[in-house]
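Notes follow once the structure below has been shown.
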Amino acid sequence: YPVYLVLNVEDYADYETASWLAAPIKGTGDTLNELATELDLPAGALQQTVSGYNEAVAAGVDSAFYKASAWLKPLSGPFVALDCTPGAGAFLPHFTLGGLDTTVDGAVLNNEGIVIEGLFAAGRTACGVPRRGDGYASGSSVGDATFSGRRAGKQVLAAS
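Shown next, in the form of structure tokens:
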């Protein structure tokens, strides 16, 4: 299935030049109907998604993706859609700001918060420094991977 990042054109600057996300531009439209047609989406699907998102923005709470309120901005058009489908060229699908929930030692937790025996995660596959989407400082992944990897590695060794 395709994955699109829909933005206001004004927020994307000059979208016709090289993409700062390295994501191909899949479509543009002055209205959501125009964009949905260009993306070959089912009638009303994009409008419903954006309407729900804009309601969350107005309420100041993103209960779908838990985006920090400082990053909530309504989508009002004209619109541009970037293709973030894995393999389409964008780095976004491979750069998580979250991941599997773990203990401080890297043991992966299930949905109930219980340790899954023998399963460990570290680095960007585990929720680390930017686990709540409040921001990300470039280079944080290096430190996060180094320290969480060492902690998880020690636990794996101890369990062997």
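Numbering (the numbering used here), first residue to last: 1398 to 1557.
Positions of the beta carbon are idealized from the N, C-alpha and C atoms, including for glycine.
Secondary structure of residue i, DSSP reduced to three states
i     : result
D1480 : strand
N1430 : helix
K1551 : helix
E1514 : strand
Beta carbon of residue i nearer than 9 Å to that of residue j
i     : j     : result
A1461 : A1453 : yes
T1434 : V1477 : no
A1504 : Q1552 : yes
P1475 : V1403 : no
D1541 : G1520 : yes
Buried or exposed by the 16-neighbour rule on C-beta atoms within 10 Å, applied to residue i
i     : result
T1428 : exposed
A1549 : buried
K1423 : buried
S1545 : buried
Closest Cα partner of residue i within the set the options
i     : options                       : result
T1522 : D1498, G1484 and A1440        : D1498
D1480 : L1436, E1407 and V1539        : L1436
G1510 : T1500, S1466, V1403 and A1519 : T1500
Q1444 : S1473, L1469, I1422 and W1468 : S1473
P1421 : G1496, P1483 and N1508        : P1483
Between the CA atoms of residue j and residue i - distance to the nearest angstrom
i     : j     : result
D1502 : V1512 : 11 Å
R1529 : A1465 : Per-residue confidence for R1529 stands at a pLDDT of 49, beneath the threshold of 50, marking its modelled position as unreliable; the derived number appears in the next sentence. Whole-angstrom Cα-Cα distance: 8 Å.
L1559 : N1430 : Since the first residue of the chain shown is 1398 and the last is 1557, residue 1559 is not available in this structure.
P1490 : S1557 : Caution applies to P1490, whose pLDDT of 46 falls short of 50 and renders its modelled position unreliable; the model cannot decide the point.
L1469 : G1496 : 21 Å
A1456 : A1555 : 47 Å
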